[in-house]
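S.K.: Pasting a structure here, questions to come.
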Amino acid sequence: MDTQKDFSFSATDTYQTGLHSVDHTTWIPTYNLLEKYFSSSAVASTKDQYVFTATRLINLSRVTNNLLRPMDKDAERPILLVNFQESMITRAFKESLTVKDSYYYVFTQDGEVVSTSDHAASKPITSEWLANVLAKKSGTEYVRVNGQKMVVCFDRIPTTGWLSAVFIPYDNLLATVPNMFSYTLYSTILILVLSVVLASLFSSRITMPLKKLLWGIKQIGEGNFNTRIETQGTSEVNLIIHKFNQMNDKIQTLIVQNYETHMKEMEAELKALNFQFNPHFLYNTLNIINYLAIENKQTVISNMLVELSEMLEYTAKKSGEVAFSEDVKYLQNYDYIMRQRFEDKFQIEYQLDAELNRYTVPKFFLQPFIENALIHGLEDREEGGWIRVSGRLKDGLRVFTIEDNGKGMDEATIARVLTIAEDTASMSKSIGIENVNKRVKLIYGQEYGVKVESKLNVGTKITITLPG
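Numbering (UniProt numbering), first residue to last: 1 to 468.
See below:
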């Protein structure tokens with residue numbers, strides 16, 4: 001009858017290995033725990049008697065007087081010994097062995113078998129193959145084991161440094177894969193169908209906006225400038241469509257502005273229409289009256305007739321922008337006649353930069369402001385009235401001012417004067433300040449125009465800004 005082995009644990013190779021594992025944990029490959037420490041008959045054999053072990057020297061310290069002190073050099077250090085059942089590796093690989101006749105191996109770096117599901121077969125590797133795959137750490141290779149082609153999937157376990165490998169018979173693995181020709185054929189057909197469908201979808205998303213854009217361009221060519229195209233998303237084509245819609249809106253705006261500009265220029269000429277029926281008759285008549293005034297020594301009347309004749313000639317000219325010097329001459333003609341009419345109860349002073357004569361201005365540009373000052377601002381003055389007309393270049397702009405010392409205006413009157421009337425029928429009766437303001441904005445832009453500053457019983461200052 002066998003008896004329990006008589007041994008000292010400190011003399012075993014397990015203890016000695018742990019004693020030298022100072023800086024790291026050492027893993028001991030699978031061994032028979034019962035046979036190592038007991039006689040085979042002393043303990044019944046079980047399927048879990050095979051274990052692999054992790055061991056390490058524990059270098060403890062002790063606390064003395066609140067100070068941490070290491071163990072004495074001669075003191076015996078404890079050994080940490082953790083045994084793992086080899087069956088846990090078998091369970092871990094169970095899900096990986098789905099192909100018939102496949103099996104696994106776990107090797108140490110020295111080629112020693114830690115665990116395997118193929119206990120009956122000899123070790124299926126060589127030391128050269130093991131060194132090669134250990135260098136690769138993980139991967140898949142083809143090998144021949146006993147003349148049979150095998151697929152080997154291997155990986156290195158970082159904790160222990162051991163190599164785990166699953167050996168799968170190539171023929172059995174191939175049998176689990178569907179027929180490759182049929183699979184490839186059907187896959188190719190499916191991919192082609194999907195490609196055609198996707199290409200059609202993507203093509204329609206690209207070409208449909210282009211078709212809409214071409215339709216819109218055709219509509220513009222036929223004069224339908226109110227055409228708009230709906231956009232979707234933020235693609236480049238839809239961005240072009242968005243700009244196309246903006247262009248249409250701008251064209252419509254420019255058409256309206258051009259029409260309104262033309263209308264305002266026509267309105268500015270309304271006073272001259274009656275004289276355009278027979279200008280020669282009017283000029284001849286004025287010359288006859290002027291001749292009679294000279295014969296009767298009526299110098300003032302003669303001068304007024306000359307000024308009036310020049311005004312009529314300027315008025316009968318084609319509408320639009322004119323040289324600034326011509327508009328100033330017309331203003332001075334008007335000034336002379338009005339001073340005679342009001343018997344010099346006011347004076348007009350001109351301070352105009354000569355450089356302004358290089359530019360053009362809207363016709364009847366300054367006269368409405370002088371007329372407004374005389375009729376409304378200075379109407380109650382018997383004497384001492386003055387109007388100052390100035391013009392200069394400043395910061396790339398042409399700035400004109402008309403100042404007077406008349407009775408001035410309140411805020412409500414200023415707002416009414418600058419109101420841009422929408423009723424063209426009512427505007428045809430006058431070419432006032434609001435008419436000039438709108439013509440300036442239509443010709444040069446909304447940032448230019450007329451500004452009115454006024455104080456009751458002090459006077460009024462009109463500022464007109466044009467581009468330089």
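Don't be surprised by glycine CBs; every beta carbon is placed ideally from N, CA and C.
From a predicted model like this one, the values you see are computed outputs, not experimental measurements.
The beta strand (DSSP E) that contains residue 152, what's its start and end?
M.R.: In the sequence shown, residue 152 corresponds to position 152, counting from 1. Note, residue 152: beta strand (DSSP E), 148 to 156.
S.K.: Taking residue 367 as the reference, give the member of 355, 382 and 401 with the closest Cα.
M.R.: Position 367 of the sequence shown, counting from 1, holds the residue named residue 367. Looking at the Cα atoms, 401 is the closest of the given residues.
S.K.: Excluding the five sequence neighbours on either side, which residues of its own chain have a C-beta within less than 6 Å of the C-beta of residue 82, listed in chain order?
M.R.: For the purposes of this step, residue 82 is taken as residue 82 along the sequence shown, with counting starting at 1. Closer than 6 Å at Cβ, skipping near neighbours: 54.
S.K.: Going by CA-CA distance only, name the one from 387, 406, 309 and 262 that's closest to residue 351.
M.R.: On the sequence shown, position 351 is the one that residue 351 refers to. Comparing Cα-Cα distances from residue 351 to each of 387, 406, 309 and 262, the minimum goes to 387.
S.K.: With burial defined as no fewer than 16 other Cβ atoms inside 10 Å of the residue's Cβ, what is the status of residue 462: buried or exposed?
M.R.: If you number the sequence shown from 1, residue 462 lands on position 462. Buried, because 16 or more other Cβ atoms sit within 10 Å of the Cβ of residue 462.
S.K.: Among 370, 19, 203 and 254, which has the Cα closest to the Cα of residue 444?
M.R.: Numbered from its first residue, the sequence shown carries residue 444 at position 444. Answer by Cα proximity: 254.
S.K.: For the alpha helix (DSSP H) that residue 162 lies in, which residues bound it at each end?
M.R.: Here residue 162 is taken as the residue at index 162 of the sequence shown, counted from 1. Counting along the chain, residue 162 falls outside any alpha helix (DSSP H), and DSSP gives it neither H nor E.
S.K.: Can you name the start and end residues of the beta strand (DSSP E) that residue 454 belongs to?
M.R.: Residue 454 sits at position 454 when you count from the first residue of the sequence shown. Run containing residue 454: 449 to 455, per the beta strand (DSSP E) assignment.
S.K.: Under 8 Å by Cβ, that's how I've got residue 404 and residue 378 pegged, so tell me the actual separation to the nearest angstrom.
M.R.: Mapped onto the sequence shown, residue 404 falls at position 404. Mapped onto the sequence shown, residue 378 falls at position 378. Indeed, because the Cβ distance is near 6 Å, the residues count as touching under 8 Å.
S.K.: To test your reading of the DSSP string, which unbroken alpha helix (DSSP H) runs of 4 or more residues are found completely within the stretch 291 to 353?
M.R.: 299 to 315 and 324 to 341
S.K.: Residue 438 lies in the alpha helix (DSSP H); which residues open and close that run?
M.R.: Numbered from 1 along the sequence shown, position 438 holds the residue referred to as residue 438. Element bounds for residue 438: 433 to 444.
S.K.: For residue 416, report the span of its beta strand (DSSP E) as first-last.
M.R.: Residue 416 sits at position 416 when you count from the first residue of the sequence shown. Premise fails: residue 416 lies in the alpha helix (DSSP H), 411 to 418, not in any beta strand (DSSP E).
S.K.: Go ahead and label residue 162 buried or exposed: buried means 16 or more other beta carbons lie within 10 angstroms of its beta carbon, across all protein chains shown.
M.R.: The residue you call residue 162 lines up with position 162 of the sequence shown. It is buried - the Cβ of residue 162 has at least 16 other Cβ atoms within 10 Å.
S.K.: Is it buried or exposed for residue 147, if we count other Cβ within 10 angstroms and need 16 for buried?
M.R.: Position 147 of the sequence shown, counting from 1, holds the residue named residue 147. The residue is exposed, with fewer than 16 neighbouring Cβ atoms inside 10 Å.
S.K.: Going along the chain, which residues of its own chain have a beta-carbon closer than 8 Å to the beta-carbon of residue 226, five neighbours each way excluded?
M.R.: For the purposes of this step, residue 226 is taken as residue 226 along the sequence shown, with counting starting at 1. 248 and 252, listed in sequence order.
S.K.: Compare the C-alpha of residue 94 against each of 455, 115, 458 and 416 and name the closest.
M.R.: Translated into positions along the sequence shown, residue 94 becomes position 94. The candidate whose alpha carbon is nearest that of residue 94 is 115.
S.K.: Less than 8 Å separating the beta-carbons of residue 307 and residue 333?
M.R.: Working through the sequence shown from its first residue, we reach residue 307 at position 307. Working through the sequence shown from its first residue, we reach residue 333 at position 333. Their beta carbons are under 8 Å apart, which means residue 307 touches residue 333 by this criterion.
S.K.: Rounded C-beta distance between residue 18 and residue 57? I'm assuming under 8 Å.
M.R.: To locate residue 18, count along the sequence shown from 1; it is residue 18. To locate residue 57, count along the sequence shown from 1; it is residue 57. The C-beta distance from residue 18 to residue 57 rounds to 6 Å, short enough to meet the 8 Å contact threshold.
S.K.: Beta-carbon within less than 6 Å of residue 149's beta-carbon, same chain only, minus the 5 sequence neighbours each way: which residues are those?
M.R.: Against the sequence shown, residue 149 aligns to sequence position 149. If we look at residue 149 and ignore the five residues flanking it on each side, its Cβ neighbours are 170.
S.K.: Where does the unbroken beta strand (DSSP E) through residue 107 begin, and where does it stop?
M.R.: Numbered from its first residue, the sequence shown carries residue 107 at position 107. Counting along the chain, the beta strand (DSSP E) containing residue 107 begins and ends at 103 to 107.
S.K.: Quick check on the burial criterion: 16 or more other C-beta atoms within 10 angstroms. Buried or exposed for residue 49?
M.R.: Your numbering for residue 49 matches position 49 in the sequence shown. Residue 49 comes out buried.
S.K.: Where in the stretch 46 to 103 do unbroken runs of the beta strand (DSSP E), each at least 3 residues long, occur, reported from the N-terminal end onward?
M.R.: 50 to 57, 61 to 64, 67 to 70 and 79 to 85
S.K.: Residue 336: buried (16+ other C-beta within 10 angstroms of its C-beta) or exposed?
M.R.: Here residue 336 refers to the residue found at position 336 when the sequence shown is read from its first residue. So residue 336 counts as buried.
S.K.: Between which residues of its own chain and residue 458 is the CB-CB distance below 7 Å, once the five residues before and five after are set aside?
M.R.: Here residue 458 refers to the residue found at position 458 of the sequence shown. Within the same chain, residue 458 has close Cβ partners 408.
S.K.: Tell me whether residue 423 sits in a helix, a strand or coil according to DSSP, three-state version.
M.R.: Numbered from 1 along the sequence shown, position 423 holds the residue referred to as residue 423. Any reading at residue 423 must be qualified, since the residue scores a pLDDT of 39, below 50, and its modelled position is unreliable; the value itself is stated next. Reduced to three states, the DSSP call for residue 423 is coil.
S.K.: Three or more beta-carbon pairs under 8 Å between the stretch 440 to 455 and the stretch 410 to 420, yes or no?
M.R.: yes
S.K.: Go ahead and label residue 200 buried or exposed: buried means 16 or more other beta carbons lie within 10 angstroms of its beta carbon, across all protein chains shown.
M.R.: Your numbering for residue 200 matches position 200 in the sequence shown. Result: exposed.
S.K.: Between the Cα of residue 132 and the Cα atoms of 156, 362 and 117, which residue gives the shortest distance?
M.R.: One-based indexing of the sequence shown puts residue 132 at position 132. Cα-wise, what sits closest to residue 132 is 156.
S.K.: Using DSSP with H/G/I as helix, E/B as strand and the rest coil, what is residue 428?
M.R.: One-based indexing of the sequence shown puts residue 428 at position 428. For residue 428, the predicted structure reports a pLDDT of 36, less than 50, and the residue's modelled location is therefore unreliable. A value from the coordinates is still provided. Three-state result, residue 428: coil.
S.K.: Do you know whose CA, among 464, 456, 28 and 374, lies nearest residue 447's CA?
M.R.: As a working mapping, residue 447 is identified with position 447 in the sequence shown. With distances taken between Cα atoms, residue 447 lies closest to 464.
S.K.: Is residue 187 helix, strand or coil by DSSP?
M.R.: Position 187 of the sequence shown, counting from 1, holds the residue named residue 187. Reduced to three states, the DSSP call for residue 187 is helix.
S.K.: Tell me the rounded alpha-carbon separation between residue 16 and residue 159.
M.R.: Here residue 16 refers to the residue found at position 16 when the sequence shown is read from its first residue. Here residue 159 refers to the residue found at position 159 when the sequence shown is read from its first residue. Their Cα atoms are separated by approximately 21 Å.
S.K.: Can you tell me the Cα-Cα spacing of residue 72 and residue 65, whole angstroms?
M.R.: Within the sequence shown, residue 72 is the residue found at index 72, counting from 1. Within the sequence shown, residue 65 is the residue found at index 65, counting from 1. Near 16 Å, if we compare the C-alpha coordinates of residue 65 and residue 72.
S.K.: Kindly indicate which three-state DSSP category residue 229 falls into: helix, strand or coil?
M.R.: By one-based count along the sequence shown, residue 229 stands at place 229. Coil at residue 229, not helix or strand.
S.K.: Relative to the C-alpha of residue 229, which candidate in 222, 217, 236 and 221 has its C-alpha closest?
M.R.: Within the sequence shown, the letter at position 229 stands for residue 229. Measuring from the Cα of residue 229, the nearest candidate turns out to be 217.
S.K.: Spell out the partners DSSP gives residue 137 in its beta bridges.
M.R.: Here residue 137 refers to the residue found at position 137 when the sequence shown is read from its first residue. None, per the DSSP bridge assignment.
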